[in-house]
Ligand SMILES: [Zn+2]
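Residue numbers (our numbering): 1413 to 1806.
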């Protein structure tokens, strides 16, 4: 595989690694889809680089006894100290599906689906943790996704001692299935922190809204739709419609909604180019911020609430600085670690309940300074700070 595409050195290269085969001085990695290099699906990595990445937990690994190789859901290797060069830049013209300037049709959608490889298992990773929590929480099955041969039950957990006189706090995770700490953070909150809120607030937590995307480490659902731009009751994404239906009886009762996300390097290496290709548009490269930030609702900003969360998370992980233009992912920084979107207009998850206090967390898992545990801990800190703050406002 030729990594010297244009001699522009990159520090950070993110790939989906399906297999890693060890030789004396190197590993040969078999890659899952990775943009234009899909056809060239292997990569040699110096053994020391690979093992260092693994030691630093920049590789999430599990053993797969079936094929005798390590299987990695996702790997992020830091190349900065090595002479390999590559270009992370991609345009809609180089995205391997579709024709530049032409939106995808059914054939392109089928091709895209065929290349979405199942890299992890919702029934093994997520459902047992939900089952274990059923001792303390009521587990609600609020929908079922049926995609080709795969079906997924959608679960939410509710406070068992639900008291209609108390406010409701809503936590959602895995709206974007690839954003792992959204799922693990929601579950870890329930496992380690939720008990302390008993009798003070009614909790409802949907930890993995998009299980098809979770398994394929993907932003979109089976129909190549972004659930977090399709929170409409009559919308085309069943993940989003099912959550709206679950929560519709609580409309007006939810005091706080926190939606747990990540911003990852694959947003630039895969998902934004894929979006441009899908819609037949030009891809404009962007910059991935190194650190945590929040997305407030520009139609109902709650700056004190956001700052309380940023302050709590800052004790766990670093907060993203703005880029040279004062922006984070193209939006002006309005306060330390905070940008704003019109969430209802964008049909985002935090727009669905009418809650006065809403936020979307964005943890950065690809930072060399952040481990998966730290990312999950940051999500838990954000959830607790959000609940703690709103409890002071009633
Ligand atoms: Zn997201």
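Idealized CB from N, CA, C, for every residue including glycine.
Could you tell me which of the options sits nearest to residue i, measuring between CA atoms?
i: residue 1807; options: 1721, 1633 and 1614; result: Residue 1807 lies beyond the range of the chain shown here (1413 to 1806); nothing can be said about it.
i: residue 1704; options: 1720, 1674 and 1689; result: 1674
i: residue 1620; options: 1584, 1645 and 1650; result: 1584
i: residue 1557; options: 1581, 1701, 1742 and 1652; result: 1652
i: residue 1768; options: 1748, 1539, 1699 and 1710; result: 1710
i: residue 1536; options: 1513, 1519 and 1564; result: 1564
i: residue 1798; options: 1765, 1778 and 1772; result: 1772
i: residue 1551; options: 1538, 1766, 1764 and 1571; result: 1571
i: residue 1800; options: 1712, 1743, 1702 and 1670; result: 1670
i: residue 1665; options: 1581, 1732 and 1702; result: 1581
i: residue 1617; options: 1646, 1720, 1644 and 1668; result: 1668
By Cβ distance below 7 Å, which residues in the same chain neighbour residue i in space, the five residues on each side in sequence not counted?
i: residue 1559; result: 1624 and 1634
i: residue 1530; result: 1627 and 1628
i: residue 1714; result: 1708 and 1769
i: residue 1632; result: 1625 and 1638
Looking only at its chain, what residues have a beta carbon closer than 6 Å to the beta carbon of residue i, apart from the 5 residues adjacent to it on each side?
i: residue 1524; result: 1509 and 1636
i: residue 1574; result: 1614
i: residue 1782; result: 1729
i: residue 1882; result: Residue coverage of the chain in this structure runs from 1413 to 1806, which leaves residue 1882 outside it and unanswerable.
i: residue 1743; result: 1751
i: residue 1735; result: 1699
Starting from residue i, follow its DSSP beta bridges and name the residues at the other end.
i: residue 1668; result: 1581 and 1769
i: residue 1744; result: 1739
i: residue 1614; result: 1580
i: residue 1562; result: 1559
Should residue i be labelled buried (16 or more other beta-carbon atoms within 10 Å of its own) or exposed?
i: residue 1751; result: buried
i: residue 1511; result: exposed
i: residue 1737; result: exposed
i: residue 1663; result: exposed
i: residue 1716; result: exposed
i: residue 1718; result: buried
i: residue 1435; result: exposed
i: residue 1806; result: exposed
i: residue 1779; result: buried
i: residue 1699; result: exposed
i: residue 1660; result: exposed
i: residue 1804; result: exposed
i: residue 1579; result: buried
i: residue 1588; result: buried
i: residue 1546; result: exposed
i: residue 1607; result: exposed
i: residue 1762; result: buried
i: residue 1553; result: exposed
i: residue 1696; result: exposed
i: residue 1611; result: exposed
i: residue 1680; result: buried
i: residue 1513; result: exposed
i: residue 1654; result: buried
i: residue 1518; result: exposed
i: residue 1568; result: buried
i: residue 1732; result: buried
So, at 8 Å on beta carbons, what are the nonlocal neighbours of residue i in its own chain, with the 5 sequence-adjacent residues on each side left out?
i: residue 1521; result: 1635 and 1636
i: residue 1650; result: 1555, 1557 and 1633
i: residue 1676; result: 1426, 1590, 1591, 1700, 1776, 1777 and 1778
i: residue 1459; result: 1434, 1435, 1436, 1437, 1438 and 1439
i: residue 1641; result: 1758, 1759 and 1760
i: residue 1515; result: 1690, 1691 and 1692
Could you check whether the segment 1520-1539 touches the segment 1600-1609, counting it as contact only if at least three pairs of C-beta atoms, one from each stretch, sit closer than 8 Å? Contact between the segment 1520-1539 and the segment 1600-1609 is absent, because fewer than three Cβ pairs lie under 8 Å.
Meets three-Cβ-pair contact criterion under 8 Å: the segment 1677-1696 and the segment 1781-1788: Contact fails: fewer than three Cβ-Cβ distances are below 8 Å.
Spell out a yes or no on whether the segment 1792-1805 and the segment 1719-1729 are touching, meaning 3 or more CB-CB pairs, one atom from each, closer than 8 Å. Touching, per the Cβ criterion.
Can you confirm whether the segment 1690-1703 touches the segment 1755-1767 when touching is taken to mean that 3 or more C-beta pairs between the two stretches lie within less than 8 Å? Of all C-beta pairs linking the segment 1755-1767 to the segment 1690-1703, fewer than three are shorter than 8 Å, placing the two stretches out of contact.
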